[in-house]
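Enquirer: Structure incoming, see below.
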Amino acid sequence: MAKRNVAVLMGGTSSERDISLSTGRQILGALDPAKYRYYAIDSATGKILPGCDGSAKALTDADGAEISTLARLPEAAPDQRPDVAIIALHGKGGEDGVIQGFLETVGIPYTGSGVLASALALDKARSKTFLSASGILMPAGVNLGKNDPRDIPFPLPAVVKPAGSGSSDGLTIVSEGGDLGAAIELGFQYDDTILIEEFVQGTEITCAVLGNDRLEALPVIEIIPAKGVYDREAKYTPGATDEICPARLSADVTQDVQEIAIRCHRALGCRGMSRTDMIISGDGRIYVLEVNTIPGMTPTSLLPRAASVAGYTFSQLLDRLIDLALEK
Ligand SMILES: Nc1ncnc2c1ncn2[C@@H]1O[C@H](COP(=O)(O)OP(=O)(O)O)[C@@H](O)[C@H]1O
Ligand SMILES: [Mg+2]
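If you want it as structure tokens, here you go:
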């Protein structure tokens, strides 16, 4: 079979640029060179990212002129024109439907969800309204816009988070007697909409789903941050968080969690992959926190971990995501 050309889009301009670069490098290191010709493009500049070990050092058009804006990607010479793009971007501009819309317009298939599901999932406030209406249990709370009054009474402990960021950026857990106002101000530095939620005490878990129409829930992962809080450091520092997979749950609860993850994937209309973050409260209720359409794939990330427990090497996981991207 002829080798496929794969463009790995990474970097970008969101607050999670560093995570994206890590995700992208991990992907480049695992793509099977027997199957793919691949290169890394920084979506912030449209240029090939040097030092990322892709097989192409420069991207050129049919006349040999270098291509250095993302907009000209479709003009790449036939031996370089991407058959598929792997979107290794997180946050705004990469995970929110924007790059997906561009790739749709120029006719390049891409991994993961389409425009609507991406946009909806990245907006934690609107996806919460939508998923709650679909019967998914989520923490009680309010969504606050930039121009709404900020002196609202809210019982503590509470969680304040910006609608459009990931990696716990701009998120504060406000304990009893804590400063809710300061947490709200911080949240608004990241987004024009924030969520204030009841703090759900319990066991944190996450469940990834693979597929377009036929969906496969991967083994559930239990997350135990050593410091107690699952912040940026706990997410990306090797050893800072204990991840137990499969999670120590009964078969029944595991099945419930996997069904909820599949329901979220379907409700939002996700494609390819998703990873739903949840907390099981002390009384056994399963709360959904958020759905990620482009889960991290850094060396410490959860989706590759769950996939490996399900029997996929990282390389096979990428093959699967590429096949799903090309599936009509
Ligand atoms: N309502 C909540 N109750 C308890 N913990 C929460 C709540 N919301 C978020 N958290 C904690 O903050 C982390 C990040 O929140 P999440 O909504 O998953 O956003 P993101 O991962 O995109 O930053 C969660 O993994 C969890 O540890
Ligand atoms: Mg999360």
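Its first residue numbered 94, the sequence shown is counted upward by one per residue in our numbering. Here a beta-carbon is modelled for each residue, glycine too, at the ideal position from N, C-alpha and C.
#1: What runs of the beta strand (DSSP E), each 3 residues or longer, lie entirely inside the region 212-254?
#2: Is D370 near ligand 2, with its Cβ less than 6 Å from a heavy atom?
#3: Opposite L152 in the DSSP bridges: which residues?
#4: Could you check whether the region 247-260 touches the region 305-318, counting it as contact only if at least three pairs of C-beta atoms, one from each stretch, sit closer than 8 Å?
#5: Which residues count as close to ligand 1 when the rule is a CB under 5 Å from any of its heavy atoms, in chain order?
#6: Does the beta-carbon distance from V99 to Y129 come in below 7 Å?
#7: Which class does D111 belong to by DSSP, given the choice of helix, strand or coil?
#8: What's the C-alpha gap between K239 and D285?
#9: Specify the secondary structure class of G117 as computed by DSSP and reduced to three states.
#10: Contact check, L166 vs V199 under 8 Å by CB: the rounded distance?
#11: Sorted by chain position, which residues of the same chain lie with C-beta nearer than 8 Å to D189's C-beta, five sequence neighbours on each side aside?
#12: Would you kindly report the start and end of the unbroken beta strand (DSSP E) that includes C300?
#13: How long is the line joining the alpha carbons of V402 and C300, rounded to whole angstroms?
#14: Just verifying my parser: in three-state terms, what is the DSSP assignment at V346?
#15: Suppose you measure from the CA of R219 to the CA of M94; what does that come to, to the nearest Å?
#16: So, with DSSP's three-state summary, where would you put E291?
#17: Do L249 and I287 have their C-beta atoms within less than 7 Å of each other?
#18: Please classify A95: does DSSP put it in a helix, a strand, or coil?
#19: Near Q173, which residues of its chain fall below 8 Å by C-beta distance, leaving aside the five closest residues on each side in sequence?
#20: For N305 and L196, which I take to be in contact (beta-carbon distance under 8 Å), what is that distance rounded to the nearest angstrom?
Expert: On the basis of the supplied data:
#1: Runs of the beta strand (DSSP E) inside the region 212-254: 234-238.
#2: Translated into positions along the sequence shown, residue 370 becomes position 277. Yes.
#3: For the purposes of this step, residue 152 is taken as the residue at position 59 of the sequence shown. In the DSSP assignment, L152 is bridged to no other residue.
#4: Touching, no, given that fewer than three Cβ pairs across the two stretches are closer than 8 Å.
#5: For ligand 1, the selected residues are P232, V252, G259, S261, E290, F292, V293, Y323, D370, L382 and E383.
#6: For the purposes of this step, residue 99 is taken as the residue at position 6 of the sequence shown. For the purposes of this step, residue 129 is taken as the residue at position 36 of the sequence shown. Taking C-beta atoms as the reference points, V99 and Y129 count as a pair closer than 7 Å.
#7: Sequence index remark: in the sequence shown, residue 111 carries index 18 (1-based). D111 carries a helical assignment under DSSP once its states are collapsed to helix, strand and coil.
#8: Translated into the one-based positions of the sequence shown, residue 239 becomes position 146. Translated into the one-based positions of the sequence shown, residue 285 becomes position 192. The straight-line gap from Cα to Cα measures roughly 5 Å.
#9: Translated into the one-based positions of the sequence shown, residue 117 becomes position 24. Of the three classes helix, strand and coil, the one that applies to G117 here is helix, per DSSP.
#10: Locating residue 166 in the sequence shown gives position 73, where the first residue counts as 1. Locating residue 199 in the sequence shown gives position 106, where the first residue counts as 1. 7 Å between Cβ atoms; contact.
#11: Locating residue 189 in the sequence shown gives position 96, where the first residue counts as 1. Cβ neighbours of D189 beyond the five flanking positions: S211, A212, L215, D216 and G257.
#12: As a position in the sequence shown, residue 300 is number 207, starting the count at 1. G295 to L303 is the extent of the beta strand (DSSP E) around C300.
#13: For the purposes of this step, residue 402 is taken as the residue at position 309 of the sequence shown. For the purposes of this step, residue 300 is taken as the residue at position 207 of the sequence shown. The alpha-carbon atoms of V402 and C300 are separated by roughly 12 Å.
#14: Numbered from its first residue, the sequence shown carries residue 346 at position 253. In this structure, V346 counts as helix in the three-state DSSP scheme.
#15: One-based indexing of the sequence shown puts residue 219 at position 126. One-based indexing of the sequence shown puts residue 94 at position 1. Between the C-alpha atoms of R219 and M94 there is a straight-line separation of about 43 Å.
#16: Here residue 291 corresponds to residue number 198 of the sequence shown, with the count starting at 1. Note: E291 maps to strand in three-state DSSP.
#17: Here residue 249 refers to the residue found at position 156 of the sequence shown. Here residue 287 refers to the residue found at position 194 of the sequence shown. No; because the gap between Cβ atoms is not below 7 Å, this pair is not in contact.
#18: Taking the first residue of the sequence shown as position 1, residue 95 is located at position 2. A95 falls in the coil class under three-state DSSP.
#19: Locating residue 173 in the sequence shown gives position 80, where the first residue counts as 1. Here the set comprises N98, R130, Y132, A149, L152 and T153.
#20: Position 212 of the sequence shown, counting from 1, holds the residue named residue 305. Position 103 of the sequence shown, counting from 1, holds the residue named residue 196. In this structure, N305 and L196 do not form a Cβ contact; the two beta carbons are roughly 16 Å apart against a cut-off of 8 Å.
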